[in-house]
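Participant: Protein chains in written order, with the numbering used here: chain F, 40 to 349; chain S, 65 to 481. Don't be surprised by glycine CBs; every beta carbon is placed ideally from N, CA and C. Note that the coordinates shown come from a computational prediction; the quantities given were computed from them, not determined experimentally.
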Amino acid sequence: MTKQLSRRGFIKGGLAGTVAVSVLKDKETQAGHHFEGYPDAMGVVVDLTRCVGCRSCEAACNKEQGLPEPAEPFDDFSVFDHMHHGQKRRTDETRYTVVNRYEVPGLDHPLFRKKQCFHCNEPACLTSCFVNAYTKTPEGAVIYNPKVCVGCRTCMIACPFYIPTFKYSSAFKPRIMKCIFCYDTRLKEGKPPACVEACPQEALTFGKRSDMLEVAHQRIRMEPGKYIDHVYGEHEAGGTSWMYLSPAPFDQVGLSTNVPSEPVLNYVKGFLAIVPMVLTIWPALFAGFHLLSTRKDRIKELQNDENQEG
Amino acid sequence: MKKFSASNPAIPIVDQVKPDGSKWTLKEKLWLGLTPQEYKAQFFRNWVNWLMLGVFAVGIPIILQRYIFGLASVTHASNDYPWGLFLGFGLFGMVPLSASGFMLGTTVEIFGRKDFIPIERLALLNGLLGYFFAVLFLEVDLGMPWRLPYPMFVSLGPAAVLFLVAWHVATYLSVQIAELVPAFGEWSGWLKGKRWVKSISIGLVISGIILSTLHQGALGALFTYAPGKVHPLWYSAEFQWIHFFCSSIFAGLSMVIVSSTLCKWTLKWRADDRFLNSVDNLTIGLGKGCSYAMITYLVIKIIAVAHDQEWEYLLTGWGQYYLLELGVGVFLPMCLFAVAVKNRKAGIVRFAALISVLGIIWNRLNTSMIAFNWDLYAEIPHWKEIWITITIYSLYFLTYRFILYRLPILYEWKGEK
Numbered sequence: 040m041t042k043q044l045s046r047r048g049f050i051k052g053g054l055a056g057t058v059a060v061s062v063l064k065d066k067e068t069q070a071g072h073h074f075e076g077y078p079d080a081m082g083v084v085v086d087l088t089r090c091v092g093c094r095s096c097e098a099a100c101n102k103e104q105g106l107p108e109p110a111e112p113f114d115d116f117s118v119f120d121h122m123h124h125g126q127k128r129r130t131d132e133t134r135y136t137v138v139n140r141y142e143v144p145g146l147d148h149p150l151f152r153k154k155q156c157f158h159c160n161e162p163a164c165l166t167s168c169f170v171n172a173y174t175k176t177p178e179g180a181v182i183y184n185p186k187v188c189v190g191c192r193t194c195m196i197a198c199p200f201y202i203p204t205f206k207y208s209s210a211f212k213p214r215i216m217k218c219i220f221c222y223d224t225r226l227k228e229g230k231p232p233a234c235v236e237a238c239p240q241e242a243l244t245f246g247k248r249s250d251m252l253e254v255a256h257q258r259i260r261m262e263p264g265k266y267i268d269h270v271y272g273e274h275e276a277g278g279t280s281w282m283y284l285s286p287a288p289f290d291q292v293g294l295s296t297n298v299p300s301e302p303v304l305n306y307v308k309g310f311l312a313i314v315p316m317v318l319t320i321w322p323a324l325f326a327g328f329h330l331l332s333t334r335k336d337r338i339k340e341l342q343n344d345e346n347q348e349g
Numbered sequence: 065m066k067k068f069s070a071s072n073p074a075i076p077i078v079d080q081v082k083p084d085g086s087k088w089t090l091k092e093k094l095w096l097g098l099t100p101q102e103y104k105a106q107f108f109r110n111w112v113n114w115l116m117l118g119v120f121a122v123g124i125p126i127i128l129q130r131y132i133f134g135l136a137s138v139t140h141a142s143n144d145y146p147w148g149l150f151l152g153f154g155l156f157g158m159v160p161l162s163a164s165g166f167m168l169g170t171t172v173e174i175f176g177r178k179d180f181i182p183i184e185r186l187a188l189l190n191g192l193l194g195y196f197f198a199v200l201f202l203e204v205d206l207g208m209p210w211r212l213p214y215p216m217f218v219s220l221g222p223a224a225v226l227f228l229v230a231w232h233v234a235t236y237l238s239v240q241i242a243e244l245v246p247a248f249g250e251w252s253g254w255l256k257g258k259r260w261v262k263s264i265s266i267g268l269v270i271s272g273i274i275l276s277t278l279h280q281g282a283l284g285a286l287f288t289y290a291p292g293k294v295h296p297l298w299y300s301a302e303f304q305w306i307h308f309f310c311s312s313i314f315a316g317l318s319m320v321i322v323s324s325t326l327c328k329w330t331l332k333w334r335a336d337d338r339f340l341n342s343v344d345n346l347t348i349g350l351g352k353g354c355s356y357a358m359i360t361y362l363v364i365k366i367i368a369v370a371h372d373q374e375w376e377y378l379l380t381g382w383g384q385y386y387l388l389e390l391g392v393g394v395f396l397p398m399c400l401f402a403v404a405v406k407n408r409k410a411g412i413v414r415f416a417a418l419i420s421v422l423g424i425i426w427n428r429l430n431t432s433m434i435a436f437n438w439d440l441y442a443e444i445p446h447w448k449e450i451w452i453t454i455t456i457y458s459l460y461f462l463t464y465r466f467i468l469y470r471l472p473i474l475y476e477w478k479g480e481k
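#1: Is MET158(S) close to chain F, meaning its C-beta is less than 8 Å from at least one C-beta of that chain?
#2: Nearest-angstrom Cα distance between LEU283(S) and ALA402(S)?
#3: So what does DSSP say about ILE366(S), is it helix, strand or coil?
#4: Is the Cβ-Cβ distance between TYR183(F) and ALA197(F) less than 8 Å?
#5: Taking the Cβ atom as the reference point for each residue, do VAL83(F) and MET251(F) lie within a distance shorter than 8 Å?
#6: Output, in chain order, the set of chain F residues within a Cβ distance shorter than 9 Å of TRP225(S).
#7: Taking buried to mean at least 16 other C-beta atoms within 10 Å of its own C-beta, is GLU241(F) buried or exposed?
#8: Measuring only the C-alpha atoms, how far is PRO209(S) from ARG130(S)?
#9: Hey, does GLN126(F) have any beta-carbon neighbour from chain S nearer than 8 Å?
#10: Please list, in chain order, all residues of the same chain as PRO296(S) whose beta carbon is under 7 Å from its beta carbon, the five residues on each side excluded.
#11: Enumerated in chain order, which unbroken segments of the alpha helix (DSSP H) with a length of 4 residues or greater are wholly contained in the segment 409-445 of chain S?
#12: For VAL405(S) and chain F, any beta-carbon pair shorter than 8 Å?
#13: Quick check on this structure: which residue in ILE338(F), GLY105(F) and PHE119(F) has the alpha carbon closest to the alpha carbon of GLU142(F)?
#14: In three-state DSSP terms, what is ASP86(F)?
#15: Between VAL81(S) and the rest of its own chain, which residues show a CB-CB distance below 6 Å, the 5 nearest in sequence each way excluded?
#16: Look at MET358(S) and VAL421(S) and say whether their C-beta atoms are less than 8 Å apart.
#17: Per DSSP, what are the beta-bridge partners of TRP281(F) in this structure?
#18: What residues of chain F sit near PHE108(S), judged by a beta carbon separation below 8 Å?
#19: Using 8 Å as the threshold, is the C-beta distance between LYS206(F) and GLU132(F) below it?
#20: Out of TRP111(S), SER69(S) and PHE201(S), which one is the CA nearest neighbour of THR99(S)?
#21: Could you give the DSSP three-state label for SER61(F): helix, strand or coil?
#22: Compare the C-beta of LEU318(F) against all C-beta atoms of chain S and say whether one is closer than 8 Å.
#23: Can you tell me where the alpha helix (DSSP H) with PHE461(S) in it begins and where it stops?
#24: Where GLY179(F) and MET81(F) are concerned, what is the direct C-alpha to C-alpha distance, given to the nearest angstrom?
#25: Do you know offhand how far ALA315(S)'s Cα is from LEU168(S)'s?
#26: Starting from LYS247(F) and walking both ways along the beta strand (DSSP E), at which residues does that stretch end?
#27: With DSSP run on the structure shown, which of helix, strand or coil describes ILE264(S)?
#28: Check PRO291(S) in the structure and name its three-state DSSP category.
#29: How far does the alpha helix (DSSP H) with ILE124(S) in it reach, from first residue to last?
#30: Do we get a CB-CB distance below 8 Å when we pair GLU203(S) with the residues of chain F?
#31: Just the chain B side, please: which residues come within less than 7 Å of SER265(S) by C-beta, in chain order?
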């Protein structure tokens, strides 16, 4: 727990530091507190060339997390045709992970992609949360504390991957519902999450994030024609614990290429840096304006006083 | 009311004592000096009240439904669009329109423009109620509204932009309540409070400026958390907070113009000559401020497009929509303001202010809902969501009018001050 808190403290301290020092010295702090992720964070490589769309991971997740039974059983593959507002299936309050099918032009077979929380190194949900409901654990999981959540849903606005969902159906116990890397039941003890263990195709490979990055690049090197030469998640949103290898361009398998290559927090720092400036400069500035604009009245008052005395 | 004041010279109430020397009781003051029968008669004679009753008849059951069965029962419960009308209109729209309090406070107290005093209290009230009802909208939208004080006292996340919004809106609400203590003090006879507030008024106004700069900007900065989700033309990591802050200046001023116009037209009985004789000139003065703020806003909007190299977006459909928003919502009222101020035409200023108020709401809805998820799909709010929004806004209108009927906002208190 102390370790987890220190992560939070790190960000807070870092921000306060940036903010304080940026007034004096802008450039150094920018590079000074960039968070590279925990060294021992775990990760998963998802290899789309191996996934056959069996939905075993969905079933395993549902069981492990005690989520409600879905309307269609997990061996029903018609769900791949389900569309909502022209969009393929997404995570919601009943499912932390979904597999979608993508028809890619030029390929004789469809591709399947599993979708779940990416567990960013510097998560946008965490940095945008004003009640500290999120924690990035040293093991790499981004977990959520429903006891302090207010339900403002800023994390859902901030997440570049559209992952956190809200339990809108509940009036008295709503909460954010999202994949937590099976932190409580598995990751904490060093075990892989349920979905990885359930995968019959070894499409999901679990290990230390740094090793997984190595594995991913190794696969690209070994069979150069097979993959797009990019590991999705190495840099996206500042680096994520879950990473993807794909034989087709990433935007054709539903992975947005609009996601910035740095943490979302970097886009907000510009505003955070002006806060102390406004707090220090404004009072003096406007008190000065006040004195200036009422100067003539003051002089008049003084003259009147003198006249009366004289 | 005109009828009653013609037959009874004592009303409208402007003093602690009646013409015969006895004191008005609090109850009489609340009833506006009318008998309950008379009060009822004037209430039901007004068609606006019937309209409000109609809105509430449907709206209150839906609001109850929201609190008993959850947000999913009144909204589309979208995970792609976590923020709908309650925040898009209620928070992001209401807050800039309520910048009037700190704008007029600054004009009168800081810049010493005493000529704006007749309209200062209206601007302060407009600000206070706007913020209060923005919080009420938030309470409809929050998943766990009973946890509103959590970011203040229970679990603090000070590195988040919303943390700043929460603290600043809360502090600023108390500042605005303090700024209206004089009006309440005169009306209720609580003069001690009034004198104390007068002694710290400069401090209140300056803290109002600081808090407003930061939280108006912070509302914009909330969207900087969504690069790639908000259309690039409505998104600017560097300028978002300046856009929101700068546009709140003319939004607040325009809202006071609209509100004072309604007062001039429908609340003549409650206003005194000081207000009625100066309101046209003041409207022109405010219009001048609006046109300056608008040209500044337009320039930094263009700078943001240039800074982020977004010229080619202007040629797309989104670009045309963006230009339409700026053209109709900002450029048109800006020109109208300029022409009207030059020719001293208060009527045109009023028309321009109305466009500018609608324009700012349009801008906030564009940023929070229409240009948000621009490459996904469009989300059309559930009719119940729209109705709840109208219901809360009607409540805002009624509260606003309730206070204007009573407190010395549009008139000077004749009694002890």
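Facilitator: Well, looking at it:
#1: The residue you call residue 158(S) lines up with position 94 of the second sequence. Chain F contact via Cβ: absent.
#2: Against the second sequence, residue 283(S) aligns to sequence position 219. Against the second sequence, residue 402(S) aligns to sequence position 338. Per the coordinates, the alpha-carbon of LEU283(S) lies some 29 Å from the alpha-carbon of ALA402(S).
#3: Taking the second sequence and counting its residues from 1, one reaches residue 366(S) at position 302. DSSP places ILE366(S) in helix when its eight states are reduced to three.
#4: Looking up residue 183(F) in the first sequence gives position 144. Looking up residue 197(F) in the first sequence gives position 158. Against a cut-off of 8 Å, the Cβ pair of ALA197(F) and TYR183(F) comes out as no contact.
#5: On the first sequence, position 44 is the one that residue 83(F) refers to. On the first sequence, position 212 is the one that residue 251(F) refers to. A Cβ-Cβ contact shorter than 8 Å links VAL83(F) with MET251(F).
#6: Here the question's residue 225(S) lines up with position 161 in the second sequence. Inspection of the sequence shows that residue 225(S) is occupied by Val rather than by Trp. Here the neighbours are SER167, PHE169, THR193, VAL307, PHE310 and LEU311.
#7: Along the first sequence, one-based indexing puts residue 241(F) at 202. Result: exposed.
#8: Counted from its first residue, the second sequence places residue 209(S) at position 145. Counted from its first residue, the second sequence places residue 130(S) at position 66. Near 12 Å, if we compare the C-alpha coordinates of ARG130(S) and PRO209(S).
#9: For the purposes of this step, residue 126(F) is identified with residue 87 of the first sequence, where counting begins at 1. So, interface residue.
#10: Here residue 296(S) refers to the residue found at position 232 of the second sequence. Answer for PRO296(S): ASP372, GLU374 and TYR377, listed in chain order.
#11: 410-429
#12: The residue given as residue 405(S) occupies position 341 in the second sequence. No, no contact with chain F.
#13: Translated into the one-based positions of the first sequence, residue 142(F) becomes position 103. Of ILE338(F), GLY105(F) and PHE119(F), the residue nearest in Cα terms is PHE119(F).
#14: Taking the first residue of the first sequence as position 1, residue 86(F) is located at position 47. Correct three-state label for ASP86(F): strand.
#15: Reading the second sequence from its first residue, position 17 is the one you call residue 81(S). Excluding residues within five positions, the ones whose Cβ falls inside 6 Å are LYS87.
#16: Position 294 of the second sequence, counted from the first residue, corresponds to residue 358(S). Position 357 of the second sequence, counted from the first residue, corresponds to residue 421(S). Their beta carbons are not under 8 Å apart, which means MET358(S) does not touch VAL421(S) by this criterion.
#17: Counting from one through the first sequence, the residue named residue 281(F) turns up at place 242. Note: TRP281(F) sits in a beta bridge opposite VAL83(F).
#18: Mapped onto the second sequence, residue 108(S) falls at position 44. By Cβ distance, chain F contributes nothing, its closest Cβ being about 36 Å from PHE108(S), past 8 Å.
#19: Locating residue 206(F) in the first sequence gives position 167, counting from the first residue. Locating residue 132(F) in the first sequence gives position 93, counting from the first residue. Yes, the Cβ-Cβ distance between LYS206(F) and GLU132(F) is below 8 Å.
#20: Numbered from 1 along the second sequence, position 35 holds the residue referred to as residue 99(S). For THR99(S), the nearest C-alpha among the options comes from SER69(S).
#21: Locating residue 61(F) in the first sequence gives position 22, where the first residue counts as 1. Reliability fails at SER61(F), whose pLDDT of 44 lies under 50, so the model's placement of it is uncertain and the value that follows must be treated cautiously. The answer is helix: DSSP assigns SER61(F) an H, G or I state.
#22: Translated into the one-based positions of the first sequence, residue 318(F) becomes position 279. With 8 Å as the cut-off, LEU318(F) counts as an interface residue toward chain S.
#23: If you number the second sequence from 1, residue 461(S) lands on position 397. That run of the alpha helix (DSSP H) goes 447-470.
#24: Walking along the first sequence from the start, residue 179(F) turns up at place 140. Walking along the first sequence from the start, residue 81(F) turns up at place 42. Answer to the nearest angstrom: the Cα atoms are 5 Å apart.
#25: Here residue 315(S) corresponds to residue number 251 of the second sequence, with the count starting at 1. Here residue 168(S) corresponds to residue number 104 of the second sequence, with the count starting at 1. Taking the straight line from one Cα to the other gives about 13 Å.
#26: On the first sequence, position 208 is the one that residue 247(F) refers to. Note, LYS247(F): beta strand (DSSP E), 243-247.
#27: On the second sequence, residue 264(S) is found 200 positions in, with the first residue counted as 1. DSSP places ILE264(S) outside both helix and strand once states are collapsed to three, so it counts as coil.
#28: The residue you call residue 291(S) lines up with position 227 of the second sequence. Strand at PRO291(S).
#29: One-based indexing of the second sequence puts residue 124(S) at position 60. That run of the alpha helix (DSSP H) goes 111-133.
#30: Walking along the second sequence from the start, residue 203(S) turns up at place 139. Answer no: the Cβ-Cβ gap between GLU203(S) and chain F never drops below 8 Å.
#31: Considering every chain present, this structure includes no chain B. Its protein chains are F and S.
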